[in-house]
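Peer 1:
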Amino acid sequence: MSMVRLTIDGSEVEVPEGTTILKAAEKAGIHIPTLCYHKRLPPLESCNICIVEIEGEKEPVNSCAAPVSEGLVVTTKSKALHEQRTANLKKILKHHPLDCPVCDRAGECELQDIVYELGIEDVPYEPRKVKRDDTYSTTLIRYWADRCILCGRCVAACSDLKQVGALSMEGEGENARIVVDPDKCKSCGECLMVCPTGALTENLSRYKGRPWLVKRVWTTCSYCGCGCQFQLNVLDNRVIGITTDVDTGVNRGSVCDKGRFGYEYIGDESRLKKPLIKENGAFREASWDEALDTVVEKFKAIRDEHGPDAIAGLTSAKCTNEENFLFQKFMRAVIGTNNVDHCARL
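Just add 51 to wherever you are in the sequence shown, counting from 1, and you've got this note's numbering.
1) Tell me the DSSP secondary structure of glutamine 280 in three-state form.
2) At which residue ranges does the segment 131-185 contain complete alpha helix (DSSP H) runs of 4 or more residues, listed in the order of the chain?
3) DSSP three-state call for isoleucine 291: helix, strand or coil?
4) Just checking my contact of asparagine 254 with arginine 193 at CB under 8 Å: how many whole Å lie between their CB atoms?
5) Which residue or residues does DSSP assign as beta-bridge partners of phenylalanine 334?
6) Any idea if glutamate 221 is buried or exposed, counting beta-carbon neighbours within 10 angstroms, 16 or more meaning buried?
7) Pick from Ile100, Leu264 and Cys277: whose alpha carbon is nearest that of aspartate 287?
8) Can you grab the Cα-Cα spacing for the pair asparagine 390 / aspartate 234, in whole Å?
9) For lysine 259, which residues in the same chain have their Cβ closer than 8 Å to its Cβ, ignoring the five residues on either side in sequence?
10) On the three-state DSSP scale, how would you describe leucine 212?
11) In its own chain, which residues sit with a C-beta less than 8 Å from the C-beta of arginine 383, not counting the 5 before and 5 after it?
12) Find out if the Cβ-Cβ distance for the pair alanine 361, isoleucine 353 is shorter than 7 Å.
13) Quick check on DSSP: helix, strand or coil for threonine 345?
14) What did DSSP end up calling arginine 383 once you bin it into helix, strand or coil?
15) So, are the CB atoms of alanine 217 and valine 231 less than 7 Å apart?
16) Where does arginine 267 sit, in a helix, a strand or coil, going by DSSP?
17) Indicate whether valine 66 and valine 119 have their beta-carbon atoms separated by less than 7 Å.
18) Would you call the CB atoms of leucine 73 and isoleucine 83 closer than 7 Å?
19) Here's a check: name, in chain order, each residue in its chain whose Cβ is nearer than 8 Å to the Cβ of leucine 243, leaving out the five neighbours to either side.
20) Consult DSSP for tyrosine 194 and reduce its assignment to one of helix, strand or coil.
21) Whose C-beta lies closer than 6 Å to the C-beta of alanine 75 among residues of the same chain, with five residues either side of it excluded?
22) What whole-angstrom Cβ distance do leucine 86 and isoleucine 165 have, given they're in contact under 8 Å?
23) Which two residues bound the contiguous beta strand (DSSP E) that contains isoleucine 59?
24) Using the Cβ count rule (16 or more neighbours within 10 Å means buried), how would you classify isoleucine 317?
25) Spell out the partners DSSP gives aspartate 392 in its beta bridges.
26) Since valine 245 is in the alpha helix (DSSP H), which residue starts that stretch and which ends it?
27) Can you grab the Cα-Cα spacing for the pair valine 215 / cysteine 236, in whole Å?
28) Using the rule of at least 16 other Cβ atoms within 10 Å of the residue's Cβ for burial, across every protein chain shown, is serine 114 buried or exposed?
29) Round the Cβ separation of arginine 204 and histidine 89 to the nearest angstrom and send it over; I've been treating them as touching at under 8 Å.
30) Of the choices Glu77, His357, Thr248 and Cys394, whose alpha-carbon is the least far from that of serine 273?
31) Valine 112 to glycine 224, Cα distance in whole Å?
32) Taking its Cβ as the centre, do 16 or more other Cβ atoms sit within 10 Å of tryptophan 405, making it buried, or is it exposed?
33) Just mark valine 321 as buried or exposed, buried being the case when its beta carbon has 16 or more other beta carbons within 10 Å.
34) Got a sec? Which residues, its chain only, sit under 7 Å from serine 219 by beta carbon, not counting five neighbours each side?
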């Protein structure tokens with residue numbers, strides 16, 4: 052692949068042909084403000100925040116989509132650019148509701164971050180003449196239409212990342228809206244991952260705790276063998292949600308519906324906390340020593356009377372690879388049978 056040299060804010064940069072100006076700037080350590088841009092999605096060009104000036108061009112261009120060319124001279128910071136970015140962002144904020152105090156994304160909202168970065172102190176808020184309908188809601192996800200900035204990320208994620216195409220954008224300008232095909236939507240939550248505002252929120256974690264109050268713990272999803280990485284959001288020793296990172300793990304931020312929403316079992320009150328032994332048709336609590344001694348006694352009795360192949364073992368996807376290895380080793384080397392299997396996925 053041929054390389055291209057260009058100059059960004061006085062610094063010479065060399066990148067492969069076809070690279071966008073935004074990515075070239077990132078390589079050079081130069082920050083360009085963005086809002087609709089997402090590194091896993093194609094350029095959307097809906098916010099016009101990432102604009103830059105190119106020597107010889109009359110109008111700024113969107114750096115997220117504009118490719119580099121040999122000898123290009125780019126300016127990312129100027130008074131004119133700041134004024135234009137501010138004006139473009141104020142258009143987005145014009146009808147945006149002032150409900151940050153009760154929005155679950157407050158504190159990790161990309162819209163809040165870019166407003167802070169550009170130093171916008173005055174927002175000429177105007178309520179919409181016609182309130183948008185909250186057209187998208189499932190048992191797991193709620194769409195807050197008035198918070199939506201119509202960046203198009205959710206639509207692109209559903210079609211490009213998940214190959215589902217359940218979301219689409221209809222209408223133009225003030226009348227534009229996100230619509231969902233309920234027959235296609237699987238409530239996977241990919242739209243949640245990419246939404247830059249509080250327009251898409253999770254029903255299970257809503258109002259459970261602010262982002263800055265939770266402790267985030269990296270873990271591996273236990274539902275199958277893919278090894279997806281994410282962070283558990285823990286508050287008061289209870290898991291109240293998960294957070295993914297597009298730069299981490301084989302999943303790069305994507306998680307299936309089970310991995311994203313199937314965490315309530317962790318703190319479920321019905322989970323067993325102590326071993327139980329069944330006697331006379333009823334269970335009683337026992338110590339681990341007593342429970343393990345009982346298992347050993349029963350296994351020995353069955354093996355001695357009926358042979359090792361009378362025993363079979365089924366291990367769980369919730370176990371680690373090491374635990375599964377030890378389990379099959381125990382069945383083969385200790386019990387003496389090859390009757391061992393794995394659920395593969397829960």
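Don't be surprised by glycine CBs; every beta carbon is placed ideally from N, CA and C.
Peer 2: On the basis of the coordinates in this document:
1) If DSSP states are grouped into helix, strand and coil, glutamine 280 belongs with the strands.
2) Whole alpha helix (DSSP H) segments, 4+ residues: 161-169.
3) If DSSP states are grouped into helix, strand and coil, isoleucine 291 belongs with the strands.
4) For asparagine 254 against arginine 193, the beta-carbon gap comes to about 6 Å, under 8 Å, which counts as contact.
5) Among the bridge pairs identified by DSSP, phenylalanine 334 is matched with Lys329.
6) Taking all protein chains in view, the Cβ of glutamate 221 is surrounded by fewer than 16 other Cβ atoms within 10 Å, so the residue is classified as exposed.
7) Ranked by how close their Cα comes to the Cα of aspartate 287, the residues Ile100, Leu264 and Cys277 have Leu264 in first place.
8) Going by the C-alpha atoms only, they are around 41 Å apart.
9) Taken in chain order, the residues that qualify are Leu286, Ile291 and Gly292.
10) Taken through DSSP and simplified to helix, strand or coil, leucine 212 comes out as helix.
11) If we look at arginine 383 and ignore the five residues flanking it on each side, its Cβ neighbours are Asn389 and Val391.
12) Taking the C-beta atoms as reference points, isoleucine 353 is found nearer than 7 Å to alanine 361.
13) Three-state result, threonine 345: helix.
14) Judged by DSSP in its simplified three-state form, arginine 383 adopts helix.
15) The Cβ-Cβ distance between alanine 217 and valine 231 falls below 7 Å.
16) Shown here, arginine 267 sits in a strand according to DSSP, grouped into three states.
17) Cβ atoms of valine 66 and valine 119: closer than 7 Å.
18) If you check the CB distance, leucine 73 and isoleucine 83 come in under 7 Å.
19) If we look at leucine 243 and ignore the five residues flanking it on each side, its Cβ neighbours are Ile192, Leu251, Thr252, Glu253 and Arg311.
20) The answer is strand: DSSP assigns tyrosine 194 an E or B state.
21) Non-local beta-carbon contacts of alanine 75 in its own chain, meaning distances under 6 Å to residues more than five positions away in sequence, involve Val64, Val66 and Val119 in chain order.
22) Separation of the CB atoms of leucine 86 and isoleucine 165 is rounded to 5 Å, and the pair is thereby assigned contact status at 8 Å.
23) Run containing isoleucine 59: 54-59, per the beta strand (DSSP E) assignment.
24) Here isoleucine 317 is exposed: its Cβ has fewer than 16 other Cβ atoms, across all protein chains shown, within 10 Å.
25) Bridge partners of aspartate 392: Leu365.
26) Per DSSP, valine 245 is one residue of the alpha helix (DSSP H) stretching across 241-245.
27) Put simply, the backbone Cα of valine 215 is about 8 Å away from that of cysteine 236.
28) It is buried - the Cβ of serine 114 has at least 16 other Cβ atoms within 10 Å.
29) About 6 Å separates the beta carbon of arginine 204 from that of histidine 89, a gap short enough to meet the 8 Å contact definition.
30) Taking serine 273 as reference, the option from Glu77, His357, Thr248 and Cys394 with the minimal CA-CA separation is Cys394.
31) Using only the alpha carbons, I get a separation of about 21 Å.
32) No statement about residue 405 is possible, as the shown extent of the chain runs from 52 to 397 and does not include it.
33) The sequence given here places serine at residue 321; valine does not occur at that position. Result: exposed.
34) Excluding positions up to five away in sequence, the list reads Val206 and Val230.
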